[in-house]
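Notes follow once the structure below has been shown.
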Amino acid sequence: MKKTVSFILMAMLSLSLSAAKVVTSASLKLVADGKTLNTEAIQNAIDRLSKKGGGKLTISKGLYLTGAIQLKSGVELHLERGAVLLGSTNPDDYYQLQVMGDGDVVRKDNSKYALVLAQGARNIALTGEGVIDGQGQELALTIDSLVKCGVKSDPNYSKRLRRPSEIMRPKLFFFSECDGVEIAGLHLRNSACWGLSFDLCSNMNLHHLDVYNRAYWNNDGIDMTDCRDSRITNCRINAADDGICLKSYHKRGVSQNLVIDSCEIRSSASAVKFGTATWGNFRDITITNIRVIDTFRSCIAIESVDGSQIENIVVDGLKATNTGNAIFVKLGNRAQNDQGYIRNITLRNMDVELAFGRPDTDYDIRGPEVSYFHNPFPSSITGWPGHPVENVVLENINISAPGRADKGMAYVKAPEVPENYDRYPEFTMFGELPAWAFFLRHVEGITLRNVNLTLRDRDFRPAICQVNVNGYKDEGVNITLPEPKHCGKCHRHD
């Protein structure tokens with residue numbers, strides 16, 4: 002019932018905005034030369050519309066340079082086809098939101114700068130077929146130069162990586178504590194940090210978006226942090242970091258009643274990820290009909306390492322080609338608070354083809370590779386001693402693994418695999434693993450139903466390795482091994 006009410010509210014939002022007053026870029030005399038800064042004129046128009054009860058600002062074809070703008074309640078920003086909102090490359094044209102929920106935030110590494118901002122707004126929208134381009138690489142390099150010459154201060158500047166910290170770099174969008182948000186149809190490009198970021202928002206409908214975020218480091222596609230009653234549907238995402246990321250920075254935050262459906266994701270990290278920041282809780286989240294291509298890390302990563310209670314998660318319908326890993330589920334204790342759990346996880350109707358080498362070879366900005374020799378990594382579902390992952394169902398799962406493992410490259414026995422429960426969670430976090438399809442450890446209740454595991458080339462490891470697993474149910478695990486190779490001369494198989 003709650004979800005139905007939310008969708009009705011979204012429909013009412015669309016109707017109310019479409020009936021409101023319309024202001025155009027022509028009437029505002031915006032300059033569409035890509036050089037003249039239009040920030041003040043755009044912001045003044047948004048402010049006036051909001052004060053008069055709401056309305057629509059339509060941007061026509063042209064190249065409009067702007068600094069940070071803030072959407073206000075009741076306002077729709079509509080970009081017609083051919084309209085490009087171009088982010089300034091001068092960091093002085095951006096400002097931070099003063100977020101009311103900051104007192105509950107555990108980590109402070111989340112940028113509050115963005116090209117498009119919204120704070121506590123109700124019934125807002127960004128629509129159309131136009132482009133919003135953050136010019137993120139140029140902006141980030143400008144910030145980097147200003148820090149190096151002492152004009153700007155960045156206490157968290159990474160000397161090792163030689164780049165400014167995330168808190169210094171503007172996102173494309175940052176919305177905080179907003180309710181009733183529609184973002185539809187747009188082409189969204191080139192942030193200096195995360196792409197579309199939403200914190201403590203509710204009743205959002207993000208659909209038919211084309212997100213291309215590969216300009217600089219930490220270029221996630223869409224991030225929802227402690228959000229409720231929201232949908233991401235029919236989006237195409239190509240990101241240098243995680244494609245869609247559900248996070249929690251607030252100890253009392255809850256990510257709940259979220260739907261991700263019919264999206265295509267390409268990523269130099271993970272396609273859909275819970276984490277890494279996991280301080281609040283996650284529940285009642287459905288992920289359906291996802292297409293994953295050329296993705297470096299995991300198709301689905303579900304992580305609780307800071308105390309999150311993650312439950313009632315359903316993944317139903319995922320097809321992946323040329324990806325590094327199928328499933329990564331990790332319960333850990335990075336925050337040393339012993340509070341988290343992961344339970345009631347269902348993954349069904351997944352068809353995954355794993356790559357032998359890196360799948361993301363054409364990315365300029367790529368997720369870092371591990372520094373040790375290893376064989377292809379399997380999927381893993383792991384808790385830590387005394388804290389098992391509980392009640393997992395894998396149903397109608399097809400995984401095609403490359404094989405080609407070699408003991409000369411790496412070899413480990415199951416008891417030798419480190420726990421690493423206090424480390425950063427990633428499918429490579431344990432080092433070499435003693436299985437080619439699934440590594441299961443500290444799991445209480447797991448059912449494999451019609452799970453088909455295919456090995457394309459030889460592998461000395463077993464398909465599945467279990468360590469401290471209770472309640473394992475095999476309801477149809479089918480393993481297909483490659484035909485032995487014939488040498489052709491000595492009539493031997495090797």
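Following our numbering, the numbering of the sequence shown begins with 2 at its first residue and continues without gaps. C-beta: ideal position from N, C-alpha, C; glycine also. Remember, it's a predicted structure, so these values are computed and weren't measured experimentally.
(request) Return the CA-CA distance between P360 and I294, expressed in angstroms with no decimal places. (result) 8 Å
(request) Please name the residue, chosen from N376, S268, C202, G276, that lies closest to F174 on a Cα-to-Cα basis. (result) C202
(request) Counting only the same chain and skipping the five closest in sequence on each side, list residues whose C-beta sits under 8 Å from that of D110. (result) If we look at D110 and ignore the five residues flanking it on each side, its Cβ neighbours are N157, S166, E167, I168.
(message) Rounding to the nearest angstrom, what Cα-Cα distance links K274 and Q136 in this structure?
(response) One Cα belongs to K274, the other to Q136, and the distance between them is close to 26 Å.
(request) Sort I301, S74, L441, S263 by Cα distance to I291 and report the nearest one. (result) S263
(request) Measure the C-alpha to C-alpha separation of V418 and E433 and round it to an integer number of angstroms. (result) Our two residues, V418 and E433, have alpha carbons roughly 8 Å apart in a direct line.
(request) Round the Cβ separation of T324 and A402 to the nearest angstrom and send it over; I've been treating them as touching at under 8 Å. (result) The Cβ separation is near 11 Å, so there is no contact.
(request) Let me know the secondary structure DSSP gives T59 once reduced to three states. (result) strand
(request) Give me the Cα-Cα distance between R442 and G384, rounded to the nearest whole angstrom. (result) 6 Å
(request) Could you work out which residue in D224, T279, T277, V468 is closest to P386 when comparing CA atoms only? (result) V468
(message) Quick check on the burial criterion: 16 or more other C-beta atoms within 10 angstroms. Buried or exposed for M410?
(response) Sixteen is the threshold: since fewer than 16 other Cβ atoms of the shown chains lie within 10 Å of the Cβ of M410, the residue is exposed.
(message) With H, G and I counted as helix, E and B as strand and the rest as coil, what does DSSP make of S381?
(response) strand
(request) Can you tell me which of T448, F374, I343 puts its alpha carbon nearest to the alpha carbon of G358? (result) Nearest of T448, F374, I343 to G358, Cα basis: F374.
(message) Taking 9 Å as the threshold (beta carbon to beta carbon), is S203 in contact with chain B?
(response) Note that chain B does not occur in the displayed structure, where there is just one protein chain.
(message) If the criterion is Cβ atoms closer than 9 Å, does the pair G222 and G196 meet it?
(response) yes
(request) Take every Cβ of the region 250–257, pair it with every Cβ of the region 218–235, and state whether three or more of those distances are shorter than 8 Å. (result) yes
(request) Closer than 8 Å by C-beta to T37: which residues in its own chain qualify, once you throw out the five before and the five after it? Chain order, please. (result) Result list for T37: L66, in chain order.
(message) Quick check on the DSSP output: the beta strand (DSSP E) that includes N334 runs from which residue to which?
(response) Counting along the chain, N334 falls outside any beta strand (DSSP E), and DSSP gives it neither H nor E.
(message) A216 and Q138 - do their beta-carbons sit closer together than 9 Å?
(response) yes
(request) In angstroms with no decimal places, state the Cα-to-Cα distance between A438 and R450. (result) 15 Å
(request) Starting from the Cα of N91, find the closest Cα among V85, V152, G56, E130 and give me that residue. (result) V152
(message) Tell me the rounded alpha-carbon separation between K62 and E81.
(response) C-alpha separation (whole angstroms): 6 Å.
(message) Taking the straight line between their C-alpha atoms, what separation do you get for N282 and N214?
(response) 27 Å
(request) Compute the Euclidean distance between the alpha carbons of G446 and L98, then round it to the nearest angstrom. (result) 45 Å
(message) Counting C-beta neighbours from all protein chains within 10 Å, is the total for K52 16 or more, i.e. buried, or is it exposed?
(response) exposed
(request) Could you have a look at S256 and say whether DSSP puts it in helix, strand or coil? (result) strand
(request) Under 6 Å Cβ to Cβ from E130, same chain only, skipping five residues before and after it: list those, please. (result) R82, G186
(request) Determine, using beta carbons only, whether L207 and S231 come nearer to each other than 9 Å. (result) A contact, by the Cβ cut-off of 9 Å.
(request) Keeping to the same chain, check which residues put their C-beta closer than 7 Å to that of A436; ignore five residues upstream and five downstream. (result) Contacts found: P379, R462, P463, A464, I465, C466.
(request) Go through its chain and collect everything with a Cβ distance to I343's Cβ below 6 Å, but skip five positions before and after it. (result) S305, I311, L332, V390
(message) Taking only three categories from DSSP, how would you classify D495?
(response) At D495 the pLDDT is 39, less than 50, meaning the model places this residue with poor confidence; the figure from the coordinates comes in the next sentence. Reduced to three states, the DSSP call for D495 is coil.
(message) How far does the alpha helix (DSSP H) with T40 in it extend, from its first residue to its last?
(response) 40–52
(request) Give every residue of the same chain whose Cβ lies closer than 6 Å to the Cβ of N376, excluding the five residues on either side of it in the sequence, and list them in chain order. (result) A406, M410, A411
(request) Kindly identify the DSSP beta-bridge partner or partners of L449. (result) L395, D475
(request) Taking only the alpha-carbon atoms, compute the straight-line gap between R493 and P485 and give it to the nearest angstrom. (result) Only weak support exists for where R493 lies, its pLDDT of 38 falling under 50; the coordinates are left without a value.
(request) Ignoring anything shorter than 3 residues or poking outside the region 283–323, list the beta strand (DSSP E) runs there in chain order. (result) none
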